[in-house]
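Written out below as structure tokens is the structure these notes cover.
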Amino acid sequence: MITTYLSKKPVQSSQTTSEARLFSQDHKTIYLALAVTKEQKSASLDLIHKQYSKRGYKTALTLKDHDQWITFFAAGNSGQVIGTISVRPDNIHGLFADETYQDHLNELRHQGNRLSEFGRLAINSDACNRHILPELFYIAYLYLRTKCNCSMGVLEVNPRHAKYYEKKLGLHPIGPTRHCSRVGAPSVLMNADFTHLEDRVKSAFIRSTLHDKFHAPHFFSNSHALTLPRSLEVGEFNNAITPP
0 MITTYLSKKP
10 VQSSQTTSEA
20 RLFSQDHKTI
30 YLALAVTKEQ
40 KSASLDLIHK
50 QYSKRGYKTA
60 LTLKDHDQWI
70 TFFAAGNSGQ
80 VIGTISVRPD
90 NIHGLFADET
100 YQDHLNELRH
110 QGNRLSEFGR
120 LAINSDACNR
130 HILPELFYIA
140 YLYLRTKCNC
150 SMGVLEVNPR
160 HAKYYEKKLG
170 LHPIGPTRHC
180 SRVGAPSVLM
190 NADFTHLEDR
200 VKSAFIRSTL
210 HDKFHAPHFF
220 SNSHALTLPR
230 SLEVGEFNNA
240 ITPP
């Protein structure tokens with residue numbers, strides 16, 4: 000049985016290689032956390048570089064650039080980062096997606112939506128990782144909804160992956176395919192209405208764990224949804240999720 004915890008423990012050392020080892024049968028725990036230290040942010044950025052390079056995307060990302068995002072990550076027992084996602088609430092400088100889709104984003108703003116964006120999503124492709132995507136989306140979504148008061152999120156994805164996000168998480172394309180200069184590849188803008196996103200993420204997690212022994216019913220509980228944002232804010236990760 001694999002159990003999911005929220006923890007401040009991962010990435011305490013400079014381990015940055017052999018991520019696939021985390022998915023051996025001997026590793027039973029996945030930790031989820033907000034990246035608060037330079038080492039945690041660097042490890043998340045290393046994974047982004049690795050996965051983006053595999054797909055031929057631009058990877059000229061620096062830690063200074065990465066600090067403009069709020070980053071969450073998943074790590075295994077040894078502390079190696081195996082998944083990461085970053086978010087940004089809308090602000091006076093706009094969103095990074097404005098560079099490509101400002102017309103569509105302004106329309107959403109004019110409708111009264113408090114926007115945010117998901118980005119820099121990377122999951123170790125060398126091992127089984129289908130559980131991690133909905134969990135990362137869930138903690139990122141909760142943070143944006145409760146701490147940043149956002150009502151909607153957007154995500155730029157490669158058109159090849161648009162159907163996946165639409166089917167798995169209920170995201171919808173809201174713009175034509177355009178060229179994203181930040182990664183040097185085509186992109187399509189996906190919309191996540193927070194009114195419906197939570198149920199879709201929970202369903203995606205249930206489907207991904209239907210045929211194995213992955214155990215985290217408490218992770219998506221209503222009580223946890225109430226305590227998680229405060230735990231993230233004050234750094235009390237160790238007991239935020241406790242298995243029954």
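Quick note on numbering that gives the first Met the number 0: the sequence shown kicks off at 0 and runs consecutively. We put the beta carbon where it would ideally sit given N, CA and C, even for glycine.
Buried versus exposed, by CB contacts within 10 Å (16 or more), residue i
| i | result |
| --- | --- |
| I91 | exposed |
| V35 | exposed |
| S52 | exposed |
| Y140 | buried |
| A59 | exposed |
| Q50 | buried |
| L132 | buried |
| S222 | In this prediction, S222 has a pLDDT of 49, which is less than 50 and means its spatial position is unreliable; nothing more can be read from the coordinates. |
Which listed residue (the options) has its alpha carbon closest to that of residue i
| i | options | result |
| --- | --- | --- |
| N123 | R177, T83, E155 and V153 | T83 |
| Y142 | I47, E197 and G78 | E197 |
| E106 | I138, V35, R87 and I173 | I173 |
| A184 | K167, L62 and H160 | H160 |
| E134 | K146, L62, R108 and K167 | K167 |
| K37 | D64, L132 and Y56 | D64 |
| F193 | H48, S41, R144 and Y56 | R144 |
| V182 | R54, R199 and G93 | R54 |
| D66 | G93, E116 and L44 | L44 |
Cutoff 8 Å; reference residue i; Cβ partners in own chain excluding five residues on either side
| i | result |
| --- | --- |
| S186 | T99, E155, V156, N157, P158, T176, R177, H178 and C179 |
| H103 | I173, G174 and L188 |
| W68 | S85, V86, R87, G118 and R119 |
| H101 | In the sequence as presented, His is not what sits at residue 101; that position holds Gln. Within the same chain, Q101 has close Cβ partners G93. |
| H195 | G169 |
| R108 | D89 and L114 |
Beta-carbon proximity list for residue i, same chain, < 6 Å, skipping 5 on both sides
| i | result |
| --- | --- |
| F95 | none |
| L120 | I84 |
| L46 | V80, T83 and A121 |
| K162 | none |
| K57 | V182 and G183 |
| E116 | R87, L94, A96 and V153 |
| H48 | T58 |
Cβ shell of residue i (< 7 Å), same chain only, five flanking positions each side left out
| i | result |
| --- | --- |
| L170 | L154, Y164, M189, N190 and A191 |
| R199 | L168 and G169 |
| S41 | L62 |
| D89 | R113, L114 and S115 |
Entirely within the segment 61-91 and at least 4 residues each: give me those alpha helix (DSSP H) ranges in chain order. 62-65
The segment 137-151 contacting the segment 103-116, beta-carbon criterion three pairs below 8 Å: yes
My parser needs the alpha helix (DSSP H) runs of 4 or more residues fully inside the segment 37-62; what are they? 37-53
At 4 residues or longer, what runs of the alpha helix (DSSP H) sit wholly inside the segment 90-146? 97-109 and 131-141
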